[in-house]
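*Asks:*
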Amino acid sequence: MTVLEVTDVRRAFGGIRAVAGVSFAVEPREIVGIIGPNGSGKSTLFDLVTGFHAPDGGTIRLEGRDITGRPPHRIARAGLARTFQIPGLFVNMTVRQNLLTAAVEGDWKGAPDRAEAVLEQLDIGRVADDLAGTLSGGQQRLLEFGRVLMQDARLILLDEVTAGVHPRLREIILAAVRGLHEEGRTFVVIEHDMELVRSICERVIVMDSGEIVAEGPFEAIARDRHVVEAYLGRPATT
Amino acid sequence: MSAPEGAAGRAVLDRLSTSLALKALLAVAAAIVVLTVPAWAGDYWTRILTGVCMWAGLALAWNIIGGYAGYISFGHAAFFGIGAYATALLMQPERHWSFFLTLPVGAAAAAAVAAVVGWPTLKLRGAYFAIATWAMAEALLQLATVVDFTGGSSGLTIPVFASSAFFYYAMLLAAVLSYAISYLLLERSRFGYKVKAARDDEATARSMGIDTTRVKIQAFVLSAVIPAVFGGINAYWITFINPRSVLGAEVTDQMVVMALVGGLGHAWGPALGAAALYGVNRQFLAWFGDTTSYIAMVGVLVALVVLFLPDGLVSLSPRARRMRLVRRLIPRPRSGTGRR
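If you're matching them up, the sequences are chains B and X in order.
Heads up, the final residue of the first sequence is numbered 265 in this note's numbering, and it's a clean run with no missing numbers.
Heads up, the final residue of the second sequence is numbered 356 in this note's numbering, and it's a clean run with no missing numbers.
1. With distances taken between CB atoms, is the gap from residue 219 of chain B to residue 58 of chain B smaller than 8 Å?
2. Given this structure, state the Cα-to-Cα distance separating residue 206 of chain X from residue 158 of chain B, to the nearest angstrom.
3. How far does the alpha helix (DSSP H) with residue 175 of chain B in it extend, from its first residue to its last?
4. Would you tell me roughly how many angstroms separate the C-alpha atoms of residue 378 of chain X and residue 128 of chain X, rounded to the nearest one?
5. Would you identify the three-state DSSP class for residue 281 of chain X, choosing helix, strand or coil?
6. Check whether the segment 99-114 of chain X touches the segment 223-237 of chain X, taking contact to mean three or more Cβ pairs, one atom from each stretch, closer than 8 Å.
7. Residues in the same chain with beta-carbon distance under 7 Å from residue 224 of chain B, minus the five sequence neighbours each way, listed in chain order, please.
8. Closer than 6 Å by C-beta to residue 134 of chain X: which residues in its own chain qualify, once you throw out the five before and the five after it? Chain order, please.
9. For residue 30 of chain B, does the three-state DSSP call read helix, strand or coil?
10. So which of X:314, X:29, X:31, X:98 has the shortest CA-CA distance to residue 245 of chain X?
11. Can a CB atom of chain X be found closer than 8 Å to the CB of residue 118 of chain B?
12. Quick check: is the beta carbon of residue 231 of chain B nearer than 8 Å to any beta carbon in chain X?
13. Classify residue 303 of chain X as buried or exposed, calling it buried when 16 or more other Cβ atoms lie within 10 Å of its own Cβ.
14. Can you pull the chain B neighbours of residue 213 of chain X, defined as C-beta to C-beta under 8 Å?
15. Who are the near neighbours of residue 250 of chain X in its chain, counting only those whose CB is closer than 7 Å to its CB and skipping five residues on each side?
16. Below 8 Å on the Cβ atoms is my contact criterion, and I expect residue 94 of chain B with residue 105 of chain B to pass it. Report the Cβ-Cβ distance as a whole number of Å.
17. So, helix, strand or coil for residue 116 of chain B, using DSSP?
18. Does the contact criterion of 3 or more C-beta pairs under 8 Å hold for the segment 264-277 of chain X versus the segment 169-181 of chain X?
19. Can you tell me which residues form a DSSP beta bridge with residue 242 of chain B?
20. Do the segment 73-91 of chain B and the segment 226-241 of chain B make contact, defined as three or more Cβ pairs closer than 8 Å?
21. To the nearest angstrom, how far is it from the Cα of residue 333 of chain X to the Cα of residue 285 of chain X?
22. Taking any Cβ of chain X, which residues in the segment 88-102 of chain B have a Cβ under 9 Å from it, in chain order?
23. Helix, strand or coil for residue 208 of chain X per DSSP?
24. Cα separation between residue 31 of chain B and residue 102 of chain B?
25. Which residues of chain B have a Cβ atom closer than 8 Å to the Cβ of residue 341 of chain X, listed in chain order?
26. If you draw a straight line from the C-alpha of residue 68 of chain B to the C-alpha of residue 238 of chain X, how long is it?
27. Can you pull the chain X neighbours of residue 189 of chain B, defined as C-beta to C-beta under 9 Å?
28. Could you tell me which of B:49, B:251, B:55, B:66 sits nearest to residue 75 of chain B, measuring between CA atoms?
29. Please classify residue 56 of chain B: does DSSP put it in a helix, a strand, or coil?
30. Does the beta-carbon of residue 180 of chain X have 16 or more other beta-carbons within 10 angstroms, so that it is buried, or is it exposed?
31. With DSSP as the reference, label residue 158 of chain B as helix, strand or coil.
32. Have a look at the DSSP bridge pairing and note the partners of residue 51 of chain B.
33. I'd like to know if residue 109 of chain B contacts chain X, where contact means its C-beta is closer than 8 Å to some C-beta of that chain.
34. Where residue 249 of chain B and residue 115 of chain B are concerned, what is the direct C-alpha to C-alpha distance, given to the nearest angstrom?
35. Using a 10 Å radius around the Cβ and a threshold of 16 neighbouring Cβ atoms, would you call residue 125 of chain B buried or exposed?
36. Any contact between the segment 189-205 of chain X and the segment 64-79 of chain X? By contact I mean 3 or more CB pairs, one from each, below 8 Å.
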């Protein structure tokens with residue numbers, strides 16, 4: 028069964044068309060990358076899929092269930108987890124408490140053991156009892172990703188999860204993504220880091236001005252005229 | 017294990033058991049002192065400590081919505097007043113209810129009002145929520161003043177039960193229960209994690225499956241029920257209530273200030289703030305004959321706490337967490353994920 032099916036989804040803010048008739052599907056165990064210049068509608072698309080914005084039109088299905096316009100907490104409980112472009116942390120709670128919070132709607136009894144495992148896996152055990160607000164930017168990204176690990180979701184949406192992260196921490200995150208992928212999880216990843224997209228994404232969707240302008244394997248996408256134009260601009264004409 | 021290591025291990029165990037025994041001894045001694053106050057403290061000090069228990073419980077209750085949930089309520093006097101009027105009305109000679117039965121009635125009424133008021137107002141943030149809750153309390157005060165069955169501005173008299181010890185133990189029990197509820201539900205249960213997550217980042221909390229609307233209403237109801245119980249006990253204690261004495265803004269102001277000074281969002285900080293401020297209040301009354309200078313001092317104290325001790329008196333302990341919630345009372349406006 029298709030994990031995520033987005034059909035002709037549209038959303039405008041005032042007169043600006045942030046997402047303009049986007050359709051795509053994500054199959055089980057895929058890692059799909061979404062790339063595009065800033066302001067192309069990638070994060071808005073995530074907000075639409077996760078219920079933070081209601082679409083003006085179109086439908087969104089998660090494992091066959093229509094989740095269009097449902098509130099975020101219901102969509103999360105249906106098996107979807109996400110990270111944010113700017114890490115969303117519970118800054119007045121400790122790192123360990125942040126991880127535990129991700130399990131409040133799931134297996135609460137087993138949460139402490141899983142939190143310890145995640146702390147070890149992401150190498151943030153040393154700061155387990157520090158307030159999340161005191162972490163460095165890279166550690167905050169790790170913690171946010173750690174919460175995704177705690178959620179036990181079947182579909183995971185990562186929004187620039189390695190942006191500004193130290194190469195060593197980046198490798199930790201990528202190893203965890205690969206591990207979860209091998210376990211059967213499905214990912215949709217927004218990224219500007221083309222090397223990362225090339226290394227983990229089986230398929231890439233390119234967005235520009237709220238529309239999908241190209242879709243396919245990374246090698247094909249890298250040669251696509253739309254992609255080159257979207258990232259590098261059109262050649263000057265005389 | 018080698019012999020030296022074994023000896024060192026035994027020494028550590030000995031020190032630990034000595035420390036535990038000392039703590040247990042101190043706890044038992046403190047419990048005996050607290051439980052025998054009416055026997056040795058005299059009537060004046062028993063009444064002072066009864067007041068400390070009441071304000072400690074009220075500040076802890078306010079801390080549930082103000083500290084743990086991050087919503088600054090300026091309407092908690094409404095719940096205190098609802099409890100007070102429930103007890104006063106039901107104990108009138110023509111109804112003749114048992115005092116103990118009036119408390120759950122007041123608590124249920126406060127819970128219902130909190131749920132109805134909380135549903136729309138908890139969608140507001142910062143000053144908007146504070147104003148909305150202040151308006152609710154003010155509306156109730158005006159209502160209690162103009163309708164007949166509350167006795168209007170003349171108030172109600174409650175049959176006298178002159179036992180300082182009874183009210184001391186009633187307030188003490190209610191305060192202990194307030195602390196137990198705060199600690200067990202907000203610090204040790206998954207409900208507490210949900211409340212604090214909604215406070216720190218509502219969008220993120222929702223993305224993890226937390227129904228933040230429901231959680232915030234539950235926290236508001238919980239923080240309303242406790243003042244209603246205290247309101248009922250207080251009405252019976254002071255034997256006379258009127259709208260200004262139980263629904264006035266001063267009641268809420270005290271709760272807010274005590275929680276801020278003690279430590280917003282800490283399990284026992286607000287009780288510490290209540291004990292300190294109520295003690296100072298009574299001392300000022302004894303020295304100067306009124307509490308005008310106390311009000312001026314509280315104003316200065318709040319400013320000093322916000323500037324120099326944002327985690328309140330609890331942060332004087334080196335083990336306290338530095339959350340600085342007091343500096344986050346006015347959140348940034350958000351749309352969608354709040355990150356656009």
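Every residue gets a Cβ at the ideal spot worked out from N, C-alpha and C, and that includes glycine.
Just so it is clear, the structure is predicted and the values come from calculations on it, not from any experiment.
*Replies:* Short version:
1. Position 192 of the first sequence, counted from the first residue, corresponds to residue 219 of chain B. Position 31 of the first sequence, counted from the first residue, corresponds to residue 58 of chain B. Remark: C-beta atoms of residue 219 of chain B and residue 58 of chain B do not approach each other more closely than 8 Å.
2. Position 190 of the second sequence, counting from 1, holds the residue named residue 206 of chain X. Position 131 of the first sequence, counting from 1, holds the residue named residue 158 of chain B. As the crow flies, the alpha-carbon of residue 206 of chain X is around 18 Å from that of residue 158 of chain B.
3. If you number the first sequence from 1, residue 175 of chain B lands on position 148. Counting along the chain, the alpha helix (DSSP H) containing residue 175 of chain B begins and ends at 164-178.
4. With chain X covering only 17 through 356, there is no way to say anything about residue 378 of chain X.
5. Here residue 281 of chain X is taken as the residue at index 265 of the second sequence, counted from 1. If DSSP states are grouped into helix, strand and coil, residue 281 of chain X belongs with coil.
6. Output reads no: the segment 223-237 of chain X does not touch the segment 99-114 of chain X.
7. Against the first sequence, residue 224 of chain B aligns to sequence position 197. For residue 224 of chain B, same chain residues with a beta-carbon under 7 Å away, outside a window of 5 residues either side, are 60, 62, 218, 231, 245 in chain order.
8. Your numbering for residue 134 of chain X matches position 118 in the second sequence. If we look at residue 134 of chain X and ignore the five residues flanking it on each side, its Cβ neighbours are 233, 236.
9. On the first sequence, residue 30 of chain B is found 3 positions in, with the first residue counted as 1. Here residue 30 of chain B sits in coil by DSSP.
10. Along the second sequence, read from residue 1 onward, the residue named residue 245 of chain X stands at position 229. Out of X:314, X:29, X:31, X:98, X:98 has the C-alpha closest to the C-alpha of residue 245 of chain X.
11. Reading the first sequence from its first residue, position 91 is the one you call residue 118 of chain B. The C-beta of residue 118 of chain B comes closer than 8 Å to at least one C-beta of chain X.
12. Along the first sequence, one-based indexing puts residue 231 of chain B at 204. For residue 231 of chain B, no Cβ of chain X is located within less than 8 Å of the residue's own Cβ.
13. By one-based count along the second sequence, residue 303 of chain X stands at place 287. Looking at its Cβ environment, which holds fewer than 16 other Cβ atoms inside 10 Å, residue 303 of chain X is exposed.
14. The sequence position of residue 213 of chain X within the second sequence is 197, counting from 1. Within chain B, the residues near residue 213 of chain X are 117, 120, 128, 131.
15. The residue given as residue 250 of chain X occupies position 234 in the second sequence. Excluding residues within five positions, the ones whose Cβ falls inside 7 Å are 70, 100.
16. On the first sequence, residue 94 of chain B is found 67 positions in, with the first residue counted as 1. On the first sequence, residue 105 of chain B is found 78 positions in, with the first residue counted as 1. Right, their Cβ atoms sit about 6 Å apart.
17. Residue mapping note: residue 116 of chain B aligns to position 89 of the first sequence, counting from 1. Reduced to three states, the DSSP call for residue 116 of chain B is coil.
18. Cβ pair count under 8 Å is below three, so no.
19. On the first sequence, position 215 is the one that residue 242 of chain B refers to. Residue 242 of chain B is bridged to B:232.
20. Because the criterion of three Cβ pairs below 8 Å is not met, the segment 73-91 of chain B and the segment 226-241 of chain B do not touch.
21. Here residue 333 of chain X refers to the residue found at position 317 when the second sequence is read from its first residue. Here residue 285 of chain X refers to the residue found at position 269 when the second sequence is read from its first residue. Distance from the CA of residue 333 of chain X to the CA of residue 285 of chain X, rounded to the nearest whole angstrom, comes to 11 Å.
22. Residues 98, 99, 100, 101, 102.
23. Against the second sequence, residue 208 of chain X aligns to sequence position 192. It is helical.
24. As a working note, residue 31 of chain B is residue 4 in the first sequence. As a working note, residue 102 of chain B is residue 75 in the first sequence. Here the C-alpha atom of residue 31 of chain B lies approximately 12 Å from the C-alpha atom of residue 102 of chain B.
25. Locating residue 341 of chain X in the second sequence gives position 325, counting from the first residue. In chain order: 119.
26. In the first sequence, counting from the first residue as 1, residue 68 of chain B sits at position 41. In the second sequence, counting from the first residue as 1, residue 238 of chain X sits at position 222. If I take the Cα positions, the gap works out to 41 Å.
27. The sequence position of residue 189 of chain B within the first sequence is 162, counting from 1. Residues of chain X with a Cβ closer than 9 Å to the Cβ of residue 189 of chain B do not exist; the shortest Cβ-Cβ separation is about 17 Å.
28. If you number the first sequence from 1, residue 75 of chain B lands on position 48. Each of B:49, B:251, B:55, B:66 was checked against the Cα of residue 75 of chain B, and the nearest Cα belongs to B:49.
29. Residue numbering aside, residue 56 of chain B sits at position 29 when the first sequence is read from its first letter. Coil.
30. Position 164 of the second sequence, counted from the start, is the residue given in the question as residue 180 of chain X. Buried.
31. To locate residue 158 of chain B, count along the first sequence from 1; it is residue 131. Here residue 158 of chain B sits in strand by DSSP.
32. Counted from its first residue, the first sequence places residue 51 of chain B at position 24. Its beta-bridge partners are B:33.
33. Here the question's residue 109 of chain B lines up with position 82 in the first sequence. At least one chain X Cβ lies under 8 Å of residue 109 of chain B.
34. Residue mapping note: residue 249 of chain B aligns to position 222 of the first sequence, counting from 1. Residue mapping note: residue 115 of chain B aligns to position 88 of the first sequence, counting from 1. Spanning the two alpha carbons is a distance of roughly 32 Å.
35. Here the question's residue 125 of chain B lines up with position 98 in the first sequence. Residue 125 of chain B should be labelled buried.
36. Contact between the segment 189-205 of chain X and the segment 64-79 of chain X is present, because at least three Cβ pairs lie under 8 Å.
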